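Down below is the structure, laid out as structure tokens.
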Amino acid sequence: MKALKRALKALLITVLAYLVQVCVMKYLAFQGIMGSVVFAALAIIIVSCGKKYAFCASCLIGMMMESMLSNVPALYVIAYPVITMLCAQYFADMSDRQLERRRMMAESRKVRISEGRGKEHWWHRFMMRYRETDLPPIVRIPACAGLMDVLLNIVLAAYMYLIGEDIGWIHLVRLAASALYTMALSLVLMVPVRYVLGMYRRRRAQEGGELL
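Just add 3 to the spot in the sequence shown (first one is 1) and you have this note's numbering.
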């Protein structure tokens, strides 16, 4: 029953994100640059619900975008699921097997450093700090949203180049601005959407269980 409720909530969030993107974001554009509420919502679903929910949500978004907005046949219906699942491999919660493998790699590196067979730089200390667990959602969600926005814009820029459009610095600036806008949207939407998905209630329950 809980899985069904979460699936319905994820479906509602996906549809609302699409409607906001196509109906509202054009009024919130800055110098013609729009962020992607869709990618912000998909990033939240990836981190909060996992790869299966993210794949279903991205397929639904791709089909809606393809039926309403696409000028290139099959572009959105392929691009959204592929980009989403590619990013989900890196930003979704790790499985127990992945966590164990990372712990073993971190321990192995610590042993090599202690034996003088390796150097420890500041970025090694930073990576080893989070190697044995997932990065916090406040880091993963905007990073995931921004990367997905960049990947889609790269695909669109490549298509423009292939049909004869010149790609200049202004396109790169707009790509970076769009990604930053999307990351900001994901930070704004993260708390209310994760609350609707029940993530904070689950965390309080887990903390209560640990205290018991």
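Note that the Cβ used here is the ideal one computed from N, Cα and C, for glycine as well. Bear in mind that the values here come from a model prediction, so they are computed numbers and not experimental data.
Within 10 angstroms of its Cβ, does residue i collect 16 or more other Cβ (buried), or is it exposed?
i	result
residue 93	exposed
residue 7	exposed
residue 44	buried
residue 70	exposed
residue 60	buried
residue 26	exposed
residue 155	buried
residue 2	Examination of residue 2 is not possible in this model, given that the chain is present from 4 through 215 alone.
residue 38	buried
residue 83	buried
residue 65	buried
residue 157	exposed
In angstroms, rounded to a whole number, what distance separates the CA positions of residue i and residue j?
i	j	result
residue 186	residue 148	6 Å
residue 153	residue 89	13 Å
residue 48	residue 196	9 Å
residue 177	residue 33	10 Å
residue 79	residue 31	22 Å
residue 145	residue 42	10 Å
residue 284	residue 16	With the chain covering 4 to 215 only, the question about residue 284 has no answer from this structure.
residue 5	residue 167	51 Å
residue 194	residue 81	29 Å
residue 63	residue 143	23 Å
residue 198	residue 172	40 Å
residue 23	residue 40	7 Å
residue 77	residue 165	17 Å
residue 36	residue 52	29 Å
residue 14	residue 170	37 Å
If you check the beta carbons only, do residue i and residue j fall under 7 Å apart?
i	j	result
residue 285	residue 200	The structure shown does not extend to residue 285, since the chain is modelled only from 4 to 215, so the question has no answer here.
residue 189	residue 46	yes
residue 55	residue 95	no
residue 91	residue 57	yes
residue 140	residue 50	yes
residue 161	residue 174	no
residue 163	residue 86	no
Taking the alpha helix (DSSP H) that residue i belongs to, which residues open and close that run?
i	result
residue 156	140-165
residue 95	Premise fails: residue 95 is in no alpha helix (DSSP H) and is neither H nor E.
residue 189	172-199
residue 53	That residue, residue 53, is in no alpha helix (DSSP H); it is neither H nor E in DSSP.
residue 21	5-26
Under 7 Å between C-beta atoms, does residue i make it to chain B?
i	result
residue 65	Note that chain B does not occur in the displayed structure, where there is just one protein chain.
- Message: For the structure I just gave you, are there three or more beta carbon pairs, one from the region 63-82 and one from the region 176-183, closer than 8 Å?
- Response: no
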